[in-house]
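Peer 1: Here it is, the structure in full.
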Amino acid sequence: MIDRFGRSPVVTSVALLLGCLAALLQCPVLGKEFLIEQPSELKSVLRQIAAGDSIVLADGDWQDAKLTFDQLPGTQDAPISIRPQRPGGVVFSGATEFRVSGTHVEVSGFAFVDPAGVSDVVQLRTHSQRLAHHCRITNCSFEQTADSDAGIESRWLSIYGTHNRVDHCYFGGKKSRGTTLVVWVRDVPEHHRIDHNQFGPRPELGRNGGETIRIGTSEVSEFECASVVEDNYFYRCDGEAEIVSNKSCGNIYRHNVFDSCAGALTLRHGHRCLVDGNLFLGRKQRGTGGVRLIGQDHRVTNNYFEGLRGDAERAALCMMNGVPNGALNSYAPVRGALVAHNTFIDCKVSMEIGVGAGKEQSANPSDCQIIGNVLMPLKWQLFRIHADPKDFVWRGNLQQHGKGDRDTFLQFPDVELTLQRAADGLLRPIDARPLRCEVSGVVKNDIDDLPRGATPLAGCDDPATAHRVWASAENTGPTW
Numbered sequence: 001m002i003d004r005f006g007r008s009p010v011v012t013s014v015a016l017l018l019g020c021l022a023a024l025l026q027c028p029v030l031g032k033e034f035l036i037e038q039p040s041e042l043k044s045v046l047r048q049i050a051a052g053d054s055i056v057l058a059d060g061d062w063q064d065a066k067l068t069f070d071q072l073p074g075t076q077d078a079p080i081s082i083r084p085q086r087p088g089g090v091v092f093s094g095a096t097e098f099r100v101s102g103t104h105v106e107v108s109g110f111a112f113v114d115p116a117g118v119s120d121v122v123q124l125r126t127h128s129q130r131l132a133h134h135c136r137i138t139n140c141s142f143e144q145t146a147d148s149d150a151g152i153e154s155r156w157l158s159i160y161g162t163h164n165r166v167d168h169c170y171f172g173g174k175k176s177r178g179t180t181l182v183v184w185v186r187d188v189p190e191h192h193r194i195d196h197n198q199f200g201p202r203p204e205l206g207r208n209g210g211e212t213i214r215i216g217t218s219e220v221s222e223f224e225c226a227s228v229v230e231d232n233y234f235y236r237c238d239g240e241a242e243i244v245s246n247k248s249c250g251n252i253y254r255h256n257v258f259d260s261c262a263g264a265l266t267l268r269h270g271h272r273c274l275v276d277g278n279l280f281l282g283r284k285q286r287g288t289g290g291v292r293l294i295g296q297d298h299r300v301t302n303n304y305f306e307g308l309r310g311d312a313e314r315a316a317l318c319m320m321n322g323v324p325n326g327a328l329n330s331y332a333p334v335r336g337a338l339v340a341h342n343t344f345i346d347c348k349v350s351m352e353i354g355v356g357a358g359k360e361q362s363a364n365p366s367d368c369q370i371i372g373n374v375l376m377p378l379k380w381q382l383f384r385i386h387a388d389p390k391d392f393v394w395r396g397n398l399q400q401h402g403k404g405d406r407d408t409f410l411q412f413p414d415v416e417l418t419l420q421r422a423a424d425g426l427l428r429p430i431d432a433r434p435l436r437c438e439v440s441g442v443v444k445n446d447i448d449d450l451p452r453g454a455t456p457l458a459g460c461d462d463p464a465t466a467h468r469v470w471a472s473a474e475n476t477g478p479t480w
């Protein structure tokens, strides 16, 4: 029998059955919940764990805990959760080691306070061949209190595997040597995301090893990592000259806020990275810096630099001299960089080119484009040139002079800008007309990540667009 729509009852029934099955498959899987009151109970739980289950740690102080969550079988539709009974209810301290491997695992709500005596506190691996993939560390806190000892060299969070995310966490007070957060790079793109975290303060270490984030090492720096660091708030991260140390290729740093940090976002090794739409707010503090370039084909666009007081490696924009055909751990020559539509205001040195030039570092920066930037040095230097840049393209840049002498290296057209402190704290132009320049299409969006208008404007900000919400102490880090 055929109904009035020409359908057979058998076909209709099969279609309904398939529709119901599809709806069931889309429903969240409600797994079992396992409560663990001490580490010795974990092994038996892991033998029972399945996709969609939750491992709940009893609230309380867990000192010197050794926890290994090995090869957990979560799925995209049924992730495995590891959490305390209530967010912030479990406090790990001392020689705690927390290890996770497997797929689609979410670790949330833990506090790590005054970790001591271990080289790695949290690792997203349980063995050199058992890594974490599509896992997440969220809503956690890592902190060293003021009255604790610095302790041995350690890393607080080591990320292995691929497609992992670290978000809405707090990292602060680290006094010991060792990078706070490390991404370990292999010969496959990792595609990690680090976002909406709060970093700092970190006191000055006085030697190497005080980075807040490091992505890669010199040995793997030619490999593509393709990870994203975005919407994070860095406050007084003063550990060393490299706040962020990039040592791999193809990474993106965007929409981060560096507030009163005595250091720079350093592209130390690797190539083809993007630094876009970040705020570098020096607050006139000693040693505060911007972006340091080493390597090939980097893009530095739409950034806002204000009140920075660093120079040399910590200038607002630093281009190092390189070592021709050097080893992986040396300084790769700066080539093919694009520095476009950035705004520099009241910085001790806006651009420092050829830093480190000498007999060994003899390769001058070359074949770079400096396009559509606005520079307002006030009483400070616009340029420091240690080695003549080769085959640079300078186009569409504008300069507003202050009380200092005019720079003699290169003269940009004068512009009279009227800036006003906006609600987001940035000095923004209130009239677009003085920003008009002859370049267009180089950078499609402005610092607020909104499309630029048809009229080409120099600087990071198109006054016609709305203002984005920036990362701050109020909207990053844990929510408990």
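Everything in the sequence shown is counted per the UniProt record's numbering, starting at 1 for the first residue and increasing by one. Backbone N, C-alpha and C fix where the C-beta goes; we use that ideal spot for every residue, glycine too. Remember, it's a predicted structure, so these values are computed and weren't measured experimentally.
Quick one: what's Val122 bridged to in DSSP?
Peer 2: The residue labelled residue 122 in the question sits at position 122 within the sequence shown. Beta-bridge pairing links Val122 to Phe98 and Leu157.
Peer 1: Would you decide whether Thr476 is buried or exposed? Buried here means 16 or more other CB atoms lie within 10 Å of its CB.
Peer 2: The sequence position of residue 476 within the sequence shown is 476, counting from 1. Burial call: buried.
Peer 1: For chain B, check one thing: does any of its Cβ atoms lie closer than 8 Å to the Cβ of Gly277?
Peer 2: Any reference to chain B falls outside this structure, which holds one protein chain only.
Peer 1: Taking the alpha-carbon of Trp394 as reference, which of Ile353, Val339 and Ile345 has the nearest alpha-carbon?
Peer 2: Start at 1 with the first residue of the sequence shown, and residue 394 comes out as number 394. Ranking the options by Cα distance to Trp394, first place goes to Val339.
Peer 1: Just how far apart, CA to CA, sit Arg421 and Val185?
Peer 2: The count along the sequence shown starts at 1 and reaches residue 421 at position 421. The count along the sequence shown starts at 1 and reaches residue 185 at position 185. Their Cα atoms are separated by approximately 41 Å.
Peer 1: So what does DSSP say about Ser40, is it helix, strand or coil?
Peer 2: In the sequence shown, counting from the first residue as 1, residue 40 sits at position 40. Three-state DSSP puts Ser40 in a helix.
Peer 1: Mind checking His341: buried by the 16 CB within 10 Å criterion, or exposed?
Peer 2: Locating residue 341 in the sequence shown gives position 341, where the first residue counts as 1. The residue is buried, with at least 16 neighbouring Cβ atoms inside 10 Å.
Peer 1: Could you say which of Glu219, Gly200 and Glu222 lies nearest to Thr212 if we only look at CA atoms?
Peer 2: For this step, residue 212 is matched to residue 212 along the sequence shown. Closest option to Thr212, Cα to Cα, is Gly200.
Peer 1: Give a yes or no on contact between the region 96-108 and the region 125-142, applying the rule of three or more CB pairs nearer than 8 Å.
Peer 2: The answer is yes - the region 125-142 touches the region 96-108, with three or more Cβ pairs under 8 Å.
Peer 1: Taking the alpha-carbon positions, what's the Leu42 to Phe98 distance?
Peer 2: Position 42 of the sequence shown holds residue 42. Position 98 of the sequence shown holds residue 98. Using only the alpha carbons, I get a separation of about 12 Å.
Peer 1: To the nearest angstrom, how far is the alpha carbon of Glu222 from that of Arg433?
Peer 2: Locating residue 222 in the sequence shown gives position 222, counting from the first residue. Locating residue 433 in the sequence shown gives position 433, counting from the first residue. Cα-Cα distance, rounded: 43 Å.
Peer 1: Tell me the DSSP secondary structure of Leu328 in three-state form.
Peer 2: Numbered from its first residue, the sequence shown carries residue 328 at position 328. DSSP places Leu328 in coil when its eight states are reduced to three.
Peer 1: Measure how close the beta-carbons of Gly210 and Glu190 come, nearest whole angstrom, since I'm counting them as under 8 Å.
Peer 2: Translated into positions along the sequence shown, residue 210 becomes position 210. Translated into positions along the sequence shown, residue 190 becomes position 190. About 23 Å; that fails the 8 Å criterion.
Peer 1: In terms of alpha-carbon separation, which member of Ser362, Ile385, Asp53 and Gly263 lies closest to Leu205?
Peer 2: What you label residue 205 is simply residue 205 of the sequence shown in a count that begins at 1. Closest by alpha carbon: Gly263.
Peer 1: Measuring straight from C-alpha to C-alpha, what distance separates Asp238 and Pro478?
Peer 2: Numbered from its first residue, the sequence shown carries residue 238 at position 238. Numbered from its first residue, the sequence shown carries residue 478 at position 478. For Asp238 and Pro478, the distance between alpha carbons rounds to 22 Å.
Peer 1: Give me the Cα-Cα distance between Asp302 and Gly250, rounded to the nearest whole angstrom.
Peer 2: As a working mapping, residue 302 is identified with position 302 in the sequence shown. As a working mapping, residue 250 is identified with position 250 in the sequence shown. Per the sequence shown, the amino acid found at residue 302 is Asn instead of Asp. Those two C-alpha atoms are separated by around 18 Å.
Peer 1: What are the boundary residues of the beta strand (DSSP E) that includes Trp184?
Peer 2: Locating residue 184 in the sequence shown gives position 184, counting from the first residue. From DSSP, Trp184 is part of no beta strand (DSSP E); its letter is neither H nor E.
Peer 1: Could you say which of Gly89, Ile80 and Val118 lies nearest to Thr96 if we only look at CA atoms?
Peer 2: Your numbering for residue 96 matches position 96 in the sequence shown. Taking only the C-alpha atoms, the option nearest Thr96 is Val118.
Peer 1: To which residues of the same chain is Leu24 closer than 7 Å at the C-beta, ignoring the five residues directly before and after it?
Peer 2: Reading the sequence shown from its first residue, position 24 is the one you call residue 24. Unreliable placement is indicated for Leu24, whose pLDDT of 49 sits below 50; no coordinate value is reported for it.
Peer 1: Whole angstroms are fine: how far does the CA of Arg299 sit from the CA of His467?
Peer 2: The residue given as residue 467 occupies position 467 in the sequence shown. The residue given as residue 299 occupies position 299 in the sequence shown. In a straight line, the C-alpha of His467 is about 23 Å away from that of Arg299.
Peer 1: On the DSSP bridge assignment, give the partners of Gly172 in chain order.
Peer 2: Counting from one through the sequence shown, the residue named residue 172 turns up at place 172. Paired residues: Glu143.
Peer 1: State yes or no: is the C-beta of Arg268 within less than 8 Å of the C-beta of Lys284?
Peer 2: For the purposes of this step, residue 268 is identified with residue 268 of the sequence shown, where counting begins at 1. For the purposes of this step, residue 284 is identified with residue 284 of the sequence shown, where counting begins at 1. Taking 8 Å as the Cβ cut-off, Arg268 and Lys284 do not qualify as a contacting pair.
Peer 1: Counting C-beta neighbours from all protein chains within 10 Å, is the total for Ser245 16 or more, i.e. buried, or is it exposed?
Peer 2: Counting from 1 along the sequence shown, the entry for residue 245 is found at position 245. Buried is the call here.
Peer 1: Find the nearest neighbour of Arg272 within the set Leu279, Asn321 and Val334, judged by alpha-carbon distance.
Peer 2: For the purposes of this step, residue 272 is identified with residue 272 of the sequence shown, where counting begins at 1. Cα-wise, what sits closest to Arg272 is Val334.
Peer 1: Between the alpha carbons of Gln71 and Ala50, how many angstroms are there, rounded?
Peer 2: For the purposes of this step, residue 71 is taken as residue 71 along the sequence shown, with counting starting at 1. For the purposes of this step, residue 50 is taken as residue 50 along the sequence shown, with counting starting at 1. Approximately 11 Å, taken between the alpha carbons.
Peer 1: So within the region 252-338, which uninterrupted beta strand (DSSP E) runs reach at least 3 residues, ignoring any that extend past its ends?
Peer 2: For the region 252-338, whole beta strand (DSSP E) runs of length 3 or above, ordered along the chain, are 252-254, 257-259, 264-269, 274-276, 279-281, 291-293, 299-301, 304-306 and 317-320.
Peer 1: Hey, how far is the Cα of His255 from the Cα of Val469?
Peer 2: Counting from 1 along the sequence shown, the entry for residue 255 is found at position 255. Counting from 1 along the sequence shown, the entry for residue 469 is found at position 469. Using only the alpha carbons, I get a separation of about 10 Å.
Peer 1: What is the DSSP secondary structure of Pro434, reduced to helix, strand or coil?
Peer 2: Position 434 of the sequence shown, counting from 1, holds the residue named residue 434. Of the three classes helix, strand and coil, the one that applies to Pro434 here is helix, per DSSP.
Peer 1: Short of 6 Å in beta carbon distance, which residues of its chain neighbour Asp195, apart from the five on each side in sequence? Order them along the chain.
Peer 2: Position 195 of the sequence shown, counting from 1, holds the residue named residue 195. Excluding residues within five positions, the ones whose Cβ falls inside 6 Å are Asp167, Glu230 and Asp231.
Peer 1: Only counting the same chain, and skipping five residues up and downstream in sequence, which positions put a Cβ closer than 8 Å to that of Ser472?
Peer 2: Counted from its first residue, the sequence shown places residue 472 at position 472. So the qualifying residues of the chain are Tyr233 and Val257.
Peer 1: Under DSSP, the beta strand (DSSP E) around Asn246 begins and ends at which residues?
Peer 2: Here the question's residue 246 lines up with position 246 in the sequence shown. Element bounds for Asn246: Glu242 to Lys247.
Peer 1: Indicate the three-state DSSP secondary structure (helix, strand or coil) for Val415 in the structure shown.
Peer 2: In the sequence shown, the residue the question calls residue 415 occupies position 415. The answer is coil: DSSP assigns Val415 none of H, G, I, E or B.
Peer 1: Would Cys347 pass as a contact of Pro389 if the rule is Cβ separation under 8 Å?
Peer 2: On the sequence shown, residue 347 is found 347 positions in, with the first residue counted as 1. On the sequence shown, residue 389 is found 389 positions in, with the first residue counted as 1. Taking 8 Å as the Cβ cut-off, Cys347 and Pro389 do not qualify as a contacting pair.
Peer 1: Do Arg177 and Glu143 count as a contact pair if the criterion is CB distance below 8 Å?
Peer 2: Translated into positions along the sequence shown, residue 143 becomes position 143. Translated into positions along the sequence shown, residue 177 becomes position 177. No, they are not a contact pair.
Peer 1: For Lys66, report the span of its beta strand (DSSP E) as first-last.
Peer 2: Taking the first residue of the sequence shown as position 1, residue 66 is located at position 66. Its beta strand (DSSP E) spans residues Lys66 to Pro73.
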